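Trainee: One structure coming up, written as structure tokens, with questions to follow.
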Amino acid sequence: MKHSAAEIMNDTRLSDYIDDIRNIVEDFIANQYHHKEASVIALIVLYPLLFVVGIIGNSLILYWIGIGKEAKQRKLVFYPFLVNLCISDIMVLITCCPFVLYSHITSIWHLGKHCCLIIHYLQDKIDYELS
């Protein structure tokens with residue numbers, strides 16, 4: 006028994022099936038983002054604050070050590086270690102903070118396979134080398 010295309014499209018089972026698929030896709034899209042949870046809202050507020058304060062604070066320390074008025078008088082033994090610490094903090098802030106926040110907000114990586122590989126490699130390399 007052959008059915009025409011119009012009969013198939015008007016079939017209630019097919020329309021129910023299409024509605025089920027549409028509902029599944031809408032639920033999937035709605036559940037990708039966790040930005041309505043209280044903990045994620047707190048992270049959205051705190052991570053950028055941590056990022057900005059960390060970058061500004063470490064940059065000011067580097068400025069004070071290297072370019073400040075009395076930089077030539079401050080040639081002490083521990084300043085290279087302090088410079089290394091500031092640079093490592095900045096590198097960790099740049100490579101970790103935005104992407105960790107992104108992973109807490111969404112459950113799917115939208116930035117592509119290559120970006121995922123590069124970011125995780127850099128995070129692991131920087132954490133290993135600087136600790």
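Just remember that this note's numbering sits 5 ahead of the position in the sequence shown, which is counted from 1.
Positions of the beta carbon are idealized from the N, C-alpha and C atoms, including for glycine.
Since this is a predicted model, take the numbers as computed values, not measurements.
(1) Let me see if you follow: with CB-CB separation under 8 Å, is residue 111 close to chain C or not?
(2) Quick check on residue 91: buried or exposed, where buried means 16 or more other Cβ atoms within 10 Å of its Cβ?
(3) Using only the alpha-carbon positions, how far apart do residue 102 and residue 50 sit?
(4) Output needed for residue 96: all residues of its chain with C-beta closer than 6 Å, excluding positions within five of it in sequence on either side, in chain order.
(5) Thinking C-beta only, is residue 72 closer than 8 Å to residue 88?
(6) Taking C-beta to C-beta, are residue 98 and residue 59 nearer than 8 Å?
(7) Using the C-alpha atoms, what's the distance from residue 108 back to residue 67?
(8) Whole angstroms are fine: how far does the CA of residue 121 sit from the CA of residue 129?
(9) Do you know how far the Cα of residue 31 is from the Cα of residue 21?
(10) Rounded C-beta distance between residue 106 and residue 52? I'm assuming under 8 Å.
(11) If you drop the 5 nearest sequence neighbours on each side, which residues of the same chain put their C-beta closer than 6 Å to that of residue 135?
(12) Which value, in whole angstroms, describes the spacing of the CA atoms of residue 125 and residue 37?
Mentor: Once the coordinates are examined:
(1) No chain C appears in the structure shown, which is made up of a single protein chain.
(2) buried
(3) Between residue 102 and residue 50, the alpha-carbon positions lie close to 12 Å from each other.
(4) 131
(5) no
(6) yes
(7) 30 Å
(8) Residue 129 and residue 121 have their alpha carbons spaced roughly 12 Å apart.
(9) 15 Å
(10) 4 Å
(11) The beta carbon of residue 135 sits closer than 6 Å to those of 93, all from its chain and outside the five residues before and after it, given in chain order.
(12) Rounded to whole angstroms, the gap between the alpha carbons of residue 125 and residue 37 is 21 Å.
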